[in-house]
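From first to last, the protein sequence lines stand for chains E and Z.
Residue numbering for the first sequence follows UniProt numbering, starting at 1 and increasing by one per position.
Residue numbering for the second sequence follows UniProt numbering, starting at 1 and increasing by one per position.
For glycine and all other residues, C-beta sits at the position ideal for the given N, C-alpha and C.
Structure first, commentary second.
2 protein chains.
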Amino acid sequence: MTSKATRGRQEVEMKKLQKESSRQVTFSKRRNGLFKKASEICLPCGANIGIIVFSPKGKPFIFGHPNIETILDQLYDECEEALEKLKEEKKKRIEHTKEAMKNKGEFWWDEAIDDNMGLEELEAYLKAIEELRNNVARKANESMMCDVVADSGGYFDFGIAADAFNFDHCPSHDFGAAGQL
Amino acid sequence: MTSKATRGRQEVEMKKLQKESSRQVTFSKRRNGLFKKASEICLPCGANIGIIVFSPKGKPFIFGHPNIETILDQLYDECEEALEKLKEEKKKRIEHTKEAMKNKGEFWWDEAIDDNMGLEELEAYLKAIEELRNNVARKANESMMCDVVADSGGYFDFGIAADAFNFDHCPSHDFGAAGQL
DNA sequence: AACACTATTGTTAGAGC
DNA sequence: AGCTCTAACAATAGTGT
C-alpha cells in the first residue's frame, strides 16, 4: 500500500493498447469476464451461446453452451431456413408476374426463372455443408479434439503443437436445456 | 421513489428464471452487456471475436469482429491445421514403430497404416467444407443476408419471415485489424 | 414494449508479491 | 508467468413513467 493514485478500474479506452504486455494481460482478464457473462445468460435465460475468440496472437479460445458444434449447426439451419423462405418468396413473385403478364396478353418466357436457379444451388450447398461438417465434427471429437466446453465456465484452448495427444480434461456437458428452442 | 428495498443489482443467481417475461427482459439486457464487453476486447487488445446467441425462443443474434464469416473461416483453418499436425505426428509414430520392428527382426505389414487413413479423409472433408462455405457465404451476402455486424457495437438480428427483402442498413466493415494475427 | 433512474453488486487496472 | 488485493468504475434488477 505505497501508492494510492493510479489503481482500480480505469475508464475503458476504445483504442488499441500500446504495450504488448499489458495488451496480453488485459486480453486474458477480459476474455474471462466475457465467458463468465456468457455463462450468466445461458442457464438463467435458457439461451444457447457460442463464442469464438482469437487472441492478439491468433490463438483460439472457445466457449459453447451446450457446445460449439450445436451452435454452428443451429446457425446453418437458420441460414438454410432463411434461404428457403427467400426462395419461396421469389417463386411467388415470379408466379405473380407471370400471371399478370398473361392477363395483360403479353408474352412470357421462362428466362426469368433463372433468377431462381441460384437459390436451388444454394440449398444444395447448404445440405452438403451440413452433412460434411457433421462428419468432421464427429470424427474430430472422436480422434483428437476432445470436446470444447460446456458453459460450466471453463473453456477449451486448442492446444495444438506438441500436446496434440493430450486427452485429459474432457468435460461432458449435461445441461439439458429444458427445451425452449 | 416509493419503495427502496428491492432495487438495484441483485446477485446473479445461476438458475433458470421462472417468469417468462423477466427472462426475456433479462436476456436482452445481458445480451447487450455481453456484446459491449466483446467490443471492449476487440479493438483495445487486437482480438477477433465471433458470438452467436440463440434467444430463449431460438432467435439468433450475431456479433462479429471483423465479421462472423472471417471468424468461422479462421476456426476451420485452425481445425485443419490441428488435424494436419496430428496426421504428421501419427505418421512419424508409425514410421518409428516400423523401424523399431524391422530392427528387432519382426514382421511388418501395412495394415497399421489404416490408422492413418481416417485422417486423410478428414483432410478432404475440411477442404470440401472450406470451398463450399466460401461459396455459400459469398452468395448469401450477395443475395440476401446483407452482412452481419462489425464490432461497432451493433449486431445483426436475422430478421427472417416477412422482411426477407429488406436490404437497408448494410454496414461495411472497415477495421483493418493492424495485422497481428 | 422501451427508456430513465439508482441502489447495489460485479468487474477490473494496477500494484505488490 | 500467475496470484491476491482493492479503489474506482461499470453493469444491472427492479421500479417508475
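Sort the options by Cα distance to residue i and report the nearest one.
i                      : options                       : result
K57 of chain E         : Z:T97, Z:C45, Z:E80 and Z:H96 : Z:C45
R31 of chain E         : E:E88, E:F63 and E:K92        : E:F63
L34 of chain Z         : E:K19, E:S28 and E:I51        : E:I51
D77 of chain E         : Z:Q18, Z:F54 and Z:S22        : Z:F54
residue 222 of chain Z : E:K37, E:S21 and E:S22        : With chain Z covering only 1 through 181, there is no way to say anything about residue 222 of chain Z.
Going along chain E in order, which residues have a C-beta closer than 9 Å to the C-beta of residue i?
i             : result
G8 of chain Z : What G8 of chain Z touches in chain E: nothing, since even the nearest Cβ is about 17 Å away.
Just to confirm my understanding: we take residue i, look at its own chain, exclude 5 residues before and 5 after, and list those with CB closer than 7 Å. What are they?
i               : result
Q24 of chain E  : P56
E142 of chain E : With a pLDDT of 43 at E142 of chain E, under the threshold of 50, the modelled position of that residue is not reliable, and the figure given next carries that caveat. Excluding sequence neighbours, E142 of chain E sits near nothing in its chain.
Over what stretch of residues does the alpha helix (DSSP H) that includes residue i continue unbroken?
i              : result
G64 of chain Z : Here G64 of chain Z belongs to no alpha helix (DSSP H); instead the beta strand (DSSP E) covers P60 to H65.
V25 of chain E : E20 to C45
Keeping to the same chain, check which residues put their C-beta closer than 8 Å to that of residue i; ignore five residues upstream and five downstream.
i              : result
N48 of chain E : C42, H65, P66, T70, I71, Q74, A177 and L181
K15 of chain E : none
K29 of chain Z : none
T26 of chain E : L17
Taking residue i as the query, report the chain Z residues whose CB atoms sit under 9 Å from its CB, ordered along the chain.
i              : result
M14 of chain E : S39, E40, L43 and P44
T26 of chain E : I41, P44 and C45
Q74 of chain E : I52, F54, G58 and P60
Identify the contact partners of residue i in chain Z, using a Cβ-Cβ distance below 7 Å as the criterion.
i              : result
N48 of chain E : F54
The beta strand (DSSP E) spanning residue i covers which residue range?
i              : result
V53 of chain Z : N48 to F54
Only counting the same chain, and skipping five residues up and downstream in sequence, which positions put a Cβ closer than 6 Å to that of residue i?
i               : result
A100 of chain E : none
E13 of chain Z  : none
M145 of chain E : With a pLDDT of 37 at M145 of chain E, under the threshold of 50, the modelled position of that residue is not reliable, and no figure is offered here.
R7 of chain Z   : none
Given that residue i touches chain E, what residues does it touch there, using C-beta distances under 8 Å?
i              : result
I71 of chain Z : I52 and F54
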